[in-house]
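Reading through the structure tokens given below for one structure.
Number of protein chains: 2
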Amino acid sequence: MPEAHYPEIRALNLFAEMAEANFLSLMRGAYVQNFPPQIELIGEGEPSDFLHVVLSGSVDLFSTWNGRETSLATVRPVSTFILAATIKNAPYLMSARTLEKSRIVLIPSQDVRAIFDTDGSFARAIVTELAQCYRSVIKAQKDLKLRTSLERLANYLLRQQKRAGGGPVVELDFEKRRLASVLGMTPENLSRAFKGLQPYGVTVEGTRIVIGDQADLERFARPNPWIDDHST
Amino acid sequence: MPEAHYPEIRALNLFAEMAEANFLSLMRGAYVQNFPPQIELIGEGEPSDFLHVVLSGSVDLFSTWNGRETSLATVRPVSTFILAATIKNAPYLMSARTLEKSRIVLIPSQDVRAIFDTDGSFARAIVTELAQCYRSVIKAQKDLKLRTSLERLANYLLRQQKRAGGGPVVELDFEKRRLASVLGMTPENLSRAFKGLQPYGVTVEGTRIVIGDQADLERFARPNPWIDDHST
DNA sequence: CGGATCACTTGATTTTTGTCAATGCTGTAA
DNA sequence: TTACAGCATTGACAAAAATCAAGTGATCCG
Chain F
1 MPEAHYPEIR
11 ALNLFAEMAE
21 ANFLSLMRGA
31 YVQNFPPQIE
41 LIGEGEPSDF
51 LHVVLSGSVD
61 LFSTWNGRET
71 SLATVRPVST
81 FILAATIKNA
91 PYLMSARTLE
101 KSRIVLIPSQ
111 DVRAIFDTDG
121 SFARAIVTEL
131 AQCYRSVIKA
141 QKDLKLRTSL
151 ERLANYLLRQ
161 QKRAGGGPVV
171 ELDFEKRRLA
181 SVLGMTPENL
191 SRAFKGLQPY
201 GVTVEGTRIV
211 IGDQADLERF
221 ARPNPWIDDH
231 ST
Chain H
1 MPEAHYPEIR
11 ALNLFAEMAE
21 ANFLSLMRGA
31 YVQNFPPQIE
41 LIGEGEPSDF
51 LHVVLSGSVD
61 LFSTWNGRET
71 SLATVRPVST
81 FILAATIKNA
91 PYLMSARTLE
101 KSRIVLIPSQ
111 DVRAIFDTDG
121 SFARAIVTEL
131 AQCYRSVIKA
141 QKDLKLRTSL
151 ERLANYLLRQ
161 QKRAGGGPVV
171 ELDFEKRRLA
181 SVLGMTPENL
191 SRAFKGLQPY
201 GVTVEGTRIV
211 IGDQADLERF
221 ARPNPWIDDH
231 ST
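This is the structure:
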């Protein structure tokens, strides 16, 4: 792998604190690949041979059962995915596909496990990362079980707004069909949900969403830090 | 804490491999308490002061929002809960209440974090535990997003049957109202779902469920290892 | 410039799920 | 024992969401 990529990987919390020798050892075994859009990188049930790091582009994590499909998360640069499967040396629970042209680092799982066993700093970083991931899924679970689809959309928009700086305009960063899947509804229903938020000042122009009256939307959405604040 | 409890706690994967001195140090700071049924042990959003270990009885992990409530998991002996919040020193994401008379060990979170920082074996055990928890929630998420309530119930029954040894009779280990909440439906709907499974050979006598024709139920339920096998 | 494709939207309809109200059942305590 | 509380069930209804079937609009490409 070209050393040019080392700094941005090293900058990730997961790799920031580990011993330099161990980091270099990991990097020596790793390689970078460029993928076109819509390529399936890994499939549910396959053995977890590599820990993946997204350097650019984006990756959709999804799952299928009985002819149905759902998106569970979208991975954006720079971050890793399928850490848990790598550590447990267990099969992937989700499939992954590129959404756009993406540059991805593949680190052999056995290297990760070996260094995890010897480098305490790395092990601690992994704990922190996993705890974070775990808490995120719990929040998603609560979102799904406690809210209607309209409420999920409203809170999603408020979260995006916050991420984007708090202004009234939110740009959707992926297709509506995928957003629908992430939010646990059909594309048709998402369309109707957007209309259902019009009375609360939400207007849609293609991929551009305007939150006309944030306070009004919040009165409806009732955002809650233990569901919506993904930083804690 | 009485030393009599040490062995069963030490037997947990989480504590099995750590240095004896560190284990004893953890235990010295811990204490055991007996709680009556229906006592709220912790509340969503509170700081995570203790790692909890259930020695006997059972604990319901649940969450509320906007007047609604949902059960996310049930903890049975002997196991721990709210490990992620303890490690991250972050607020609890779920509330917990005893379902029955329960004996619970409380280990101060700061002790856990301190030893996590110094004991590599303990840190590794925590990683394994967290990865396991993470994967369990992902499976629950897939169950919820990919299946109807009838399919969730059918697969739940098959999982329980397997846990109970594979015989045709499955004993529900908690109230139907709670099962309904865990499965993400109302009690009324659970009643109807049981009826909906009658054509596949499922009969209900109170808390006793008989799976008359396992193969038939499986044809309907289509259990999948990456959703239903909670051992991997 | 067509023509095709694909995402998105919209309306009509069905399915699924939740809500409300009434009833039965069971175990507990006076 | 009776009265009561709480859970489970049932039926009727309402709401939420999925499905099916067009139709619209944008983009890509020969």
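Order-wise, the sequence lines are chains F and H. Sequential numbering from 1 applies to the first sequence in my numbering. Sequential numbering from 1 applies to the second sequence in my numbering. For glycine and all other residues, C-beta sits at the position ideal for the given N, C-alpha and C. None of these values were measured; they are calculated from a predicted model.
In the DSSP output, which residue or residues are listed as bridge partners for Y31/H? L106/H, per the DSSP bridge assignment.
Please name the residue, chosen from S102/H, R103/H, S48/H and H52/H, that lies closest to K88/H on a Cα-to-Cα basis. Residue nearest to K88/H within the set S102/H, R103/H, S48/H and H52/H is S48/H (criterion: CA-CA distance).
With a threshold of 16 other CB atoms inside 10 Å of the CB of G57/F, please say whether the residue is buried or exposed. Buried.
Exposure label - N66/H; buried when at least 16 CB within 10 Å: Of the other Cβ atoms in all chains shown, fewer than 16 fall within 10 Å of the Cβ of N66/H; this residue is therefore exposed.
Measuring only between beta-carbons, confirm whether T64/F sits less than 9 Å from chain H. Interface residue, yes.
Hey, P225/F and W226/H: beta-carbon distance below 9 Å or not? Cβ distance not < 9 Å, so P225/F and W226/H don't count as in contact.
From the beta carbon of N189/H, is the nearest beta carbon of chain F less than 9 Å away? It does not: the Cβ of N189/H has no partner Cβ on chain F nearer than 9 Å.
Buried versus exposed, by CB contacts within 10 Å (16 or more), Q141/F: Buried, because 16 or more other Cβ atoms sit within 10 Å of the Cβ of Q141/F.
Return the residues of the segment 51-79 of chain F that lie within a Cβ-Cβ distance of less than 7 Å from chain H, sorted by chain order. Within the segment 51-79 of chain F, those residues whose Cβ lies closer than 7 Å to any Cβ of chain H are, in chain order, S63, W65, N66, R68, T70 and L72.
In chain order, what residues of the same chain lie with their CB nearer than 6 Å to the CB of F81/F, ignoring the 5 residues before and after it? H52 and V75, listed in sequence order.
Beta carbon of I9/F nearer than 9 Å to that of T98/F: Here I9/F is not near T98/F, since their CB atoms are 9 Å or more apart.
Just to check my reading of the structure: R152/H and D143/H have Cβ atoms closer than 8 Å, yes? What is that Cβ distance to the nearest angstrom? Right, their Cβ atoms sit about 6 Å apart.
Within-9 Å CB hit, D216/F to chain H: Chain H contact via Cβ: absent.
What is the DSSP secondary structure of S79/F, counted as helix, strand or coil? Strand at S79/F.
How long is the line joining the alpha carbons of D60/H and L179/F, rounded to whole angstroms? Cα to Cα, D60/H sits roughly 32 Å from L179/F.
Comparing alpha-carbon positions, which option in M94/H, G29/H, D229/H and H5/H lies nearest Q132/H? Selected option, being the one with the closest Cα: D229/H.
The segment 33-47 of chain F: which residues have C-beta closer than 9 Å to a C-beta of chain H, in chain order? Answer in chain order: E44 and G45.
Indicate the three-state DSSP secondary structure (helix, strand or coil) for L24/H in the structure shown. Note: L24/H maps to helix in three-state DSSP.
Let me know if S231/H comes out buried or exposed under the rule of 16 or more other beta-carbons within 10 Å of its beta-carbon. With fewer than 16 other beta carbons inside 10 angstroms of its own, S231/H counts as exposed.
Have a look at G196/H, E171/H, L190/H and A96/H and flag the residue whose alpha-carbon is nearest the alpha-carbon of S71/H. Comparing Cα positions, the closest option is A96/H.
Could you please tell me which residues of the segment 197-223 of chain H, in chain order, have their CB closer than 8 Å to any CB of chain F? Answer set for the segment 197-223 of chain H: R222.
Using the DSSP secondary-structure output, state which residues sit across from T203/F in a beta bridge. For T203/F, the pairing in a beta bridge is given by DSSP as V210/F.
With 9 Å as the threshold, decide whether the Cβ of A84/F is near any Cβ in chain H. Yes, its Cβ sits closer than 9 Å to a Cβ of chain H.
Near A221/H, which residues of its chain fall below 7 Å by C-beta distance, leaving aside the five closest residues on each side in sequence? Counting only Cβ-Cβ distances below 7 Å, and skipping sequence neighbours, we find E151, A154, N155 and L158.
Who are the Cβ neighbours of V210/F in its own chain at under 6 Å, not counting the five residues just before and after it? Within the same chain, and ignoring the five residues on either side of V210/F in sequence, the residues whose Cβ sits closer than 6 Å to its Cβ are P168, V169 and T203.
Compare the C-beta of D117/F against all C-beta atoms of chain H and say whether one is closer than 9 Å. Closer than 9 Å: yes.
Could you name the residues of chain F that G167/H contacts, counting a contact when the two beta carbons are closer than 7 Å? Neighbours of G167/H on chain F: none; closest Cβ ~27 Å, over 7 Å.
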